[in-house]
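Only one structure is covered here, and it is reproduced in the block below.
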Amino acid sequence: MDTAASEDHDDDNWLNAAPVDCPGCGEALYRVDHSPFMDCTFLYCGDCPRRVDVSWYDPVYRQVREHASGSFADMMAAIEARLAPCECGGAFRHDAWRRCFTCSAPLRSVEPLGVDLWPAPFWLEESGDPDAVEAAFTERWIRGADIWRTST
């Protein structure tokens, strides 16, 4: 492979995608930098592998962002305080360790800020129908609706 072709190939991995094994059970997982082209923030549960997707266009998110003073961490703390608890009872946090989808062990080798974790079928070519794999994953692990606490 010539140098130009090699450099082009290296640039194809601009989200630093890489396989990673769970330290608890050895499950094959996939880490990838959060894409700057996604218009949402992922917050992960501190106790299980679930995450919540918060759209940048969501009215609650926009209100917090418009009134935020201070650091990014302060803004995220305000978002976190407004999120409904996870189904497991845990809380969603922007800096929670990513967890294995099989045994829930924290992956301390994967930097939690700006990095997303996916199960191996997302990167294995023999995973079958990618739409079905993604739909099943989304239904089980990602909350995209009813994300906010209700007023009492």
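Residue numbering for the sequence shown follows my numbering, starting at 481 and increasing by one per position. All C-beta atoms in this analysis are idealised placements derived from N, C-alpha and C, irrespective of residue type, glycine included. As the structure is a computational prediction, the values presented were derived from the model and not from experiment.
query                                                                                                                      : result
Coarse secondary structure for Arg545, derived from DSSP in three states                                                   : helix
Exposure of Leu593, with buried meaning 16 or more beta-carbon neighbours within 10 Å                                      : exposed
Residue environment, Pro539, which counts as buried when at least 16 other CB atoms sit within 10 Å                        : exposed
Whether Arg531 touches Tyr524 by CB criterion (8 Å)                                                                        : yes
Identity of the residues DSSP links to Ser551 by a beta bridge                                                             : Paired residues: none, contrary to the question.
Cut-off 6 Å between Cβ atoms - residues of its own chain near Cys568, not counting five sequence neighbours on either side : Asp527, Cys528
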